[in-house]
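Q:
There are 2 protein chains.
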Amino acid sequence: MSANSRLTIAAHALAWIGLYQRQGHEVATSEQIASSANTNPVVIRRLLGELRKAGLVESRRGVGAGWSLARELGSMTLLDVYEAVEAGPLFAMHRATPDQGCVVGHGIQPAMRGIYDGIEETLRSELARVTLEDVLRDVLAVPR
Amino acid sequence: MSANSRLTIAAHALAWIGLYQRQGHEVATSEQIASSANTNPVVIRRLLGELRKAGLVESRRGVGAGWSLARELGSMTLLDVYEAVEAGPLFAMHRATPDQGCVVGHGIQPAMRGIYDGIEETLRSELARVTLEDVLRDVLAVPR
DNA sequence: GCTTGTCGTAACCATTAATGTTGCGACAGC
DNA sequence: GCTGTCGCAACATTAATGGTTACGACAAGC
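Protein chains in written order, with my numbering: chain A, 1 to 144; chain B, 145 to 288.
1) Does the distance from the CB of V267 of chain B to the CB of I119 of chain A come in under 9 Å?
2) From the DSSP output, in three-state form, read off V135 of chain A for me.
3) Reducing DSSP to helix, strand and coil, say where R95 of chain A ends up.
4) Taking T173 of chain B as the reference, give the member of B:V229, B:P287, B:E202, B:V279 with the closest Cα.
5) Output yes or no for whether 9 Å exceeds the beta carbon distance between L151 of chain B and L234 of chain B.
6) Quick one, are the C-beta atoms of E83 of chain A and A111 of chain A less than 9 Å apart?
7) Please confirm if the region 132-142 of chain A is in contact with the region 67-75 of chain A, defined as three or more CB-CB distances below 8 Å between the two stretches.
8) Helix, strand or coil for M145 of chain B per DSSP?
9) Tell me whether the beta-carbon of H156 of chain B lies closer than 9 Å to the beta-carbon of G105 of chain A.
10) Measuring only between beta-carbons, confirm whether W67 of chain A sits less than 9 Å from chain B.
11) Using CA atoms only, rank isn't needed, just tell me which of A:R129, A:Y116, A:V139 is closest to R273 of chain B.
12) Closest to G66 of chain A by C-alpha separation, out of A:Q32, A:R113, A:C102, would be which residue?
13) At which residue ranges does the region 41-77 of chain A contain complete alpha helix (DSSP H) runs of 4 or more residues, listed in the order of the chain?
14) Assuming the contact rule is C-beta atoms closer than 8 Å, A291 of chain B and V187 of chain B should be a hit. Round their C-beta distance to whole Å, please.
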């Protein structure tokens, strides 16, 4: 599967902002988060932009600008983040339409779609069981 | 998520071979399967080669060559196929190691790995619940 | 109103994975 | 030998992701 770290980086950013705010700061900058995640600030801004569209974070501009949480970490789940940053379905269908004159070619897509839908629903409910509060707790529980 | 149709195409090929054999034929050619899936025979041969390594299909060479099932469709699950054709983990970690001097950077990977492992285990058990026999039945149940 | 720091976003490049395509040797049955 | 098909290498194409640079927009503070 394509090495897709978007969910990981988004969770990292949210945990970072959450912890930083608990330490008394108002906003976190993309520069700071990028430094922690060892990537480029623009990558962080792009990701956080998608989280902002989903209502998970807010941003300020101007001097003293930066990012803050729009909700408590405990009210955000990995499913919220997943839906904000991941585009398509987990499993794709054929690129080109299969031969509709063939019984298998005709029936395979509806059949697989039904199966995949059920599996993705299970995946969603698993993601929905984990809050970002859980993530931050696990992060802080890792021994140094 | 990267549009990855390998599992779909592999299931298509297995269902096709299974049905073809039930119609009294010994082996199916990559050319026939490719025609049904609307792709290139080499793509099918590559995929079936991975399924052969996993012990799901067999191939013959020479005149009258082609592919046949190594086991009953009812004894193969989507998990068998998934493990045969999908390489890496569902969710990837950071490309570059996060800043180990930062609390979040240090703890994020162990934390996410624990969460992801649980989710992937659930995904596996869902895939294991569906046999290729189920897939073929669903395919044939689609109205024309 | 000028300066400053940060976001917002576009543009481009690099890397990687998946897929498609061609070519040709290997093999086995006739 | 001749034929049809696999096995496999090599290369091209496409798409997604991520990294980088650049620059305008914005708002706070002076």
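The C-beta atom is built at its ideal place from N, Cα and C for all residues, glycine as well.
A: Answer, in terms of the structure:
1) Val is not the amino acid found at residue 267 of chain B; the sequence shown has Leu there. Yes, the Cβ-Cβ distance between L267 of chain B and I119 of chain A is below 9 Å.
2) helix
3) coil
4) B:E202
5) no
6) no
7) Yes: the two stretches touch, three or more of their Cβ pairs being nearer than 8 Å.
8) Confidence at M145 of chain B is low in this model, with a pLDDT of 38, below 50, so the placement of that residue should be treated as unreliable; the coordinate-derived value is given next. It is coil, neither helix nor strand.
9) It is a contact, given that the beta carbons lie within the stated cut-off.
10) no
11) A:Y116
12) A:Q32
13) 41-53
14) Residue coverage of chain B in this structure runs from 145 to 288, which leaves residue 291 of chain B outside it and unanswerable.
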